[in-house]
Ligand SMILES: Nc1ncnc2c1ncn2[C@@H]1O[C@H](COP(=O)(O)OP(=O)(O)OP(=O)(O)O)[C@@H](O)[C@H]1O
Ligand SMILES: Nc1ncnc2c1ncn2[C@@H]1O[C@H](COP(=O)(O)OP(=O)(O)OP(=O)(O)O)[C@@H](O)[C@H]1O
Ligand SMILES: Cc1ncc(C[n+]2csc(CCO)c2C)c(N)n1
Ligand SMILES: [Mg+2]
Ligand SMILES: [Mg+2]
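Residue numbers (the working numbering), protein chains in the order written: chain A, 372 to 683; chain B, 1319 to 1678; chain C, 39 to 312; chain D, 407 to 663; chain E, 407 to 663.
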């Protein structure tokens, strides 16, 4: 029969972070829902909200701070599902620098991802009252971190941003022992923000047919996540199969899949937890003199799609 | 044959002279190039010792060796002082690291070999491995994916080939555009005055900055795939062609142009019979620069398109995981591809100019 | 409608190009025409700002962010591009002088140089960032690597571009190698050297900006561009691009002006009379 | 029949350093079939006059008629063959295709191009070289090819600007003889610029001596020599007398300037 | 006193097409203060011989002595002034600074450079043009500047390779007169290559006629003309006789080859 076409823009390259979607694709869950899904990998020079605005994709994955900031910029993106309920973001420091808590950050060099991913860090620092501008008294020196853990390994930075499931494993894989490192999980610091959520443009939600399509997409994706969490080895293999760069290794993807499984909650069918949303907004608004968003967003999420997905 | 004694004066001069000339021409470039390459390799090997010293010492320490200087203090030491601190360790660890700051030439060569012929160190789950191979002091897994060399995802040839398509298309677009602009510039003073400064300005715009916008804009009008990448690569390659062609189309002397006018030739005839042939040497010189630029453009274009295949994607993938050896091998693969493209243009140039009688 | 405006502006340009002030007015008018068309396209078709902002929005972003733009300009252009350009060009000139003394080196270095010049910047930039850190030094190094070979190749070609007769004259004067360089090779190489220097100006700025995509402090034109793209602040991105184009063109123009002053004697600078 | 008639022709170039009077008050009539040489010191306007005739420059004043037309009409009627000092052959075309180039531009059919090419190459004794490239020929042969090119279409007027200036004396002697024979055979009207007094005297039925600043005509000498001229006519007293008059004309022109 | 003596000089160029015998068995003696012209068809080795004398080429066999030294020693002793066919001035230097260039290289003090420059520019009638650039001068003026440059330092031997080849007859006549006057005044030894028979006869005390393939000397003619030579000496029977002998020598050389 005729399949409905749908394009998904990831926010990073093909890896186990997105195992649920690849699993749904590989196992035919999307087809079962009458969907023909195209997955576009992301990369360092790709801003998913821009792709959405330009019509290059129907849905995207994005971190909520970045998505809310884009909304303020006039791109009406709306969260329609939130498979990731916990944050995997953390700051990883060399233990021998003597950093034990945020109070030790003054004068340190810290690597941060930018490109819309800097907001959690900035709001954390502003909550701690640590300036991040160049040369500020008692502040930190912020580096725009590249795409790997070299700044830490080369000791160009005292701390760098890592994800529990990816960069942290890379640091360990390069021979560093866990006790050589001190880590700060954003969850533990009370500044966690929602990560990989599914977003679409507001206008799509006005079209019942499209809403139905999105609901089928979310349902199939959550089915994919359920499967991937239960079958990490096979999921990692699927990732290897879909990675066309030939750069991913099975062991790394398996390790990533195991960490990712801890962040995903499949029990709610992908429905957004309003409390978690509110915590994210509060964290972003609390950004002192330079908050990430200036006002509490209106209509930035909807349960419409997940509700529809649940009813079917 | 003849019975002239071989020792007769002048005997054999003709042949030995010709052979001598041939040998001298070969030695003319091959010898010096080999010498320079050898020199560079020597410097490279030497430089790898201090460059990788920090990691060598850290590795040794993790393996149980003890050093007088603590890790925190070592952080501020340069590579040379680390070599002075532990010369034996630095030397022993310089050429065998997984993620060296400066991979040794043989590591890069090994990776290029392996990824050209598609061997992979751990390229899949253990149970899918068919065989293991000892090469370059490393164990390579021969994954079933990797058995058909060129079509494997690890094959540099595959990636280079995939980058080549937008390169060639972009190069074609860029060259045609460049030639067309040059023709306009030469024939119209308005074009000359208004286009040239903006062509220069266009080349000062960082392509990596506007590439994502080109992609998104083209995407929003429904153009995807090869063309956006080709456009970016054309953007980089048209400029040298414009400059070179404008010079070449103006190469005919005033006397040549006057002669055409005494024959009552039209502008188009002058272009076809005089300006274009006269510009051929300039065209080829700028095409050589343009094709290299087009390759760089195609590689750059792989970033904002989220390309998962191609040399640029391969470079980035290496970069995400700190795989320096992989970065270097992709880098050299790109340079080799550029050299081959330039050589191909050179071959066409020799043929065309030879047929035109412009090569003496 | 757009086509009509285009035709009108082109007509004005044709008129202007015929006048004596056309030399500078024509390109300005052409640029203005492009901007007007751009603005019209954006407004008429309602192009979203996150895809292509209008020139007026870009202008507003420029005037609202002068201090930021200036700080970025200093970091990227002055510290990164200019120092890298100067170091790279100086190194290339010195190397060319050394190479020129030996035909062996000349034949050996140039092919290898051409090969190394083809290394794409997206590959070299991360390596230099890894080696030299996140500051401007790594950007300067990327620029050095980019400009070195074009200048070297041009200079070597220039030093070799003396006429046999001029070389013979030097021989009959019994000139030393140093004198030969000073009185003959150096001046006649100058037009070639400037060719290389001009190419290098455009490469330098691009190199410094692109290298910042691969790691930088929180200031710089490349940093700003990549960050603001992520934040969808496109007018600011284009403001930086405008500064880059302006600075790059000015840089090119200055070098071209110096060339005009120093190479006034070369046929290309005085209208082709031999 | 008058082929070229110039009446008080003026041409002034406007340059950055002020006006240059390249031609001033030129009066000259050339009959059909004449061989007219122009001689004079550098800068006296010889080239400029030839270029006016070929409609490559426009006089600033005066009257210039070519075969009863304006020069530009004559140019479009393809009345001229022009030969420059340098052969100016295109290196990417063989000798044969160089010669057929003007024919191609003028739209002659292929068969006729070929036939004419063979005829004119024969005329300048270059048959057999049609498939060679210019740089495979000596300087003198190239110059002959360039003359053949100017002859290939039936221009009634042959304009030659120092065609033999770059050749050595021996080759030059031979080409002079050949040119004379050619002229006799074809009956074209020739305008010929040279710096060499013997050459001018040897070739011409009429010698125009010019003088510079401003460029004007100092003397017009009708040659008493017969049309039939072996090379050693140059040792006859008549020849030397004409040469002497040319030299005197030149000297006076120089002193007046 | 013998300035230059060549004994069975050979020079063979090894080229891709086989050896070229540019000079074969050249025997020649030039006394101090002589004016020797070399004439002969293209490719007969005139330039090559001059270059051997100036140590710009090395003979493959035979003996060549210059002022009792090897050519290379003489070169380093700055014994030569060399004038080429093209002026070969450096476009980035003014005429004045072109003339002082050899003096600068040879380490003359500044005041003397200036003084000598003025003197030689005066000699070639170019005073007042010291601050012009070469391309602002006519071809003839450029050639004179290049002669001035060769005269600026006290080289005993002046080597000139077709210095007037590109000039028109009138300028050439005047420069010939000037060159002769200069030679008389300075007493230099001059070796002069030309293609023009009258020029060779007019200037020289000795004319060397050469013939090609292999390049050798066909005839050496000692001129019977007096040292004092007004321009119209060219119409005297003695002059014509010498010119005739040169022409014959050339013709025979051509036929032998
Ligand atoms: N396009 C031009 N612009 C300005 N002045 C010019 C131009 N063409 C020629 N002249 C000047 O006009 C005068 C006559 O030049 P023309 O070329 O006709 O001289 P000529 O007699 O052919 O000299 P020659 O023997 O050197 O070829 C010269 O003073 C020259 O400088
Ligand atoms: N560097 C060289 N390599 C090979 N052959 C050469 C070289 N220089 C000169 N020849 C050859 O040597 C011969 C003599 O050349 P030379 O230049 O001395 O002739 P010439 O008498 O000066 O001729 P022209 O009157 O044309 O200047 C010619 O056949 C020439 O081709
Ligand atoms: C340019 C750019 N830089 C950083 C991130 C942040 N980020 C979000 S998910 C992810 C993968 C983690 O392994 C990373 C690095 C991004 N998206 N784009
Ligand atoms: Mg002229
Ligand atoms: Mg010669």
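Every residue gets a Cβ at the ideal spot worked out from N, C-alpha and C, and that includes glycine.
Taking the Cα of residue 278 of chain C as reference, the smallest distance to any Cα among C/203, C/266, C/289 is reached at C/266.
According to the DSSP secondary-structure assignment, residue 563 of chain D is paired through a beta bridge with D/486, D/595. For residue 168 of chain C, the C-beta contacts it makes with chain A under 7 Å involve 521, 525, in order along the chain. Taking 8 Å as the cut-off, the beta carbon of residue 625 of chain E is found no closer than this to the beta carbon of residue 453 of chain E. Going by DSSP, residue 302 of chain C is part of no alpha helix (DSSP H) at all; its letter is neither H nor E. For the pair residue 1429 of chain B and residue 1637 of chain B, the CB atoms are not nearer than the 8 Å cut-off. Chain-ordered, the residues whose CB falls short of 5 Å from any heavy atom of ligand 1 come out as D/419, D/421, D/426, D/428, D/448, D/449, D/450, D/451, D/452, D/453, D/454.
Exclusion of residue 494 of chain E from the 7 Å shell around ligand 2 follows from its C-beta lying no nearer than that to any non-hydrogen atom of the ligand. When DSSP states are grouped into helix, strand and coil, residue 467 of chain E belongs to the strand group.
Taking the Cβ of residue 599 of chain E as the reference point, at least one heavy atom of ligand 5 falls within a distance shorter than 7 Å. By the C-beta density criterion, residue 223 of chain C is buried, having at least 16 other C-beta atoms within 10 angstroms.
Counting only the Cα atoms, residue 485 of chain D lies some 20 Å from residue 444 of chain D.
If you check each beta-carbon in the segment 611-627 of chain D against every beta-carbon of chain E, none falls closer than 9 Å. Residue burial annotation: residue 296 of chain C is exposed, with fewer than 16 other C-beta atoms found within 10 angstroms of its C-beta. Taking a Cβ-Cβ cut-off of 9 Å, the neighbours of residue 1618 of chain B in chain C comprise 158, 159, 160, 248, given in sequence order.
For residue 504 of chain E, there is no enclosing beta strand (DSSP E); the enclosing alpha helix (DSSP H) has its first and last residue at 501-511. A straight line joining the alpha-carbon of residue 624 of chain A with that of residue 454 of chain A spans about 19 Å.
Taken in chain order, the members of the segment 1633-1646 of chain B whose beta-carbon sits within less than 8 Å of a beta-carbon on chain A are 1634, 1635, 1636, 1637, 1638, 1639, 1640, 1641, 1644. Annotated three-state conformation of residue 425 of chain D is strand, per DSSP.
At a cut-off of 3 residues, the continuous stretches assigned as beta strand (DSSP E) that sit fully inside the segment 559-618 of chain A are 568-572. Its chain contains 451, 452, 582, 585, 586, 589 as the residues whose beta carbon lies nearer than 7 Å to that of residue 676 of chain A, once the 5 sequence neighbours on both sides are disregarded; these appear in chain order.
Excluding residues up to 5 positions away in sequence, 453, 456 lie with their Cβ nearer than 8 Å to the Cβ of residue 644 of chain A in the same chain.
Contact of residue 519 of chain D with chain B is not assigned, every C-beta pair being separated by 8 Å or more. Looking at the backbone, the Cα of residue 476 of chain D and that of residue 441 of chain D are separated by about 21 Å. Looking at the DSSP output, residue 612 of chain D sits in a beta bridge with D/442, D/628.
At least one heavy atom of ligand 5 sits closer than 7 Å to the Cβ of residue 567 of chain E.
For residue 471 of chain E against residue 411 of chain E, the beta-carbon gap comes to about 5 Å, under 8 Å, which counts as contact. The residues 131, 189, 192, 193, 196, in chain order, have a CB closer than 8 Å to that of residue 231 of chain C in the same chain once the five nearest residues on each side in sequence are set aside.
Shown here for residue 87 of chain C: same chain residues with a beta carbon closer than 8 Å to its own, the five before and five after excluded, namely 95, 272, 273 in chain order. Between residue 64 of chain C and residue 1503 of chain B, the alpha-carbon positions lie close to 13 Å from each other. For residue 380 of chain A, the uninterrupted beta strand (DSSP E) segment begins and ends at 375-380. A residue is called buried when at least 16 other Cβ atoms come within 10 angstroms of its Cβ; residue 1411 of chain B meets this threshold and is buried. Look at residue 589 of chain E here: in three-state DSSP terms it is helix.
Judged by their CB atoms, residue 616 of chain E and residue 627 of chain E are not nearer to each other than the 8 Å cut-off. 447, 448: these are the residues of the segment 435-464 of chain E whose beta carbon lies less than 7 Å from some beta carbon of chain D, given in chain order. Taking 9 Å as the Cβ-Cβ cut-off, the segment 507-539 of chain E approaches chain C at 507, 508, 510, 511, 512, 539, given in chain order.
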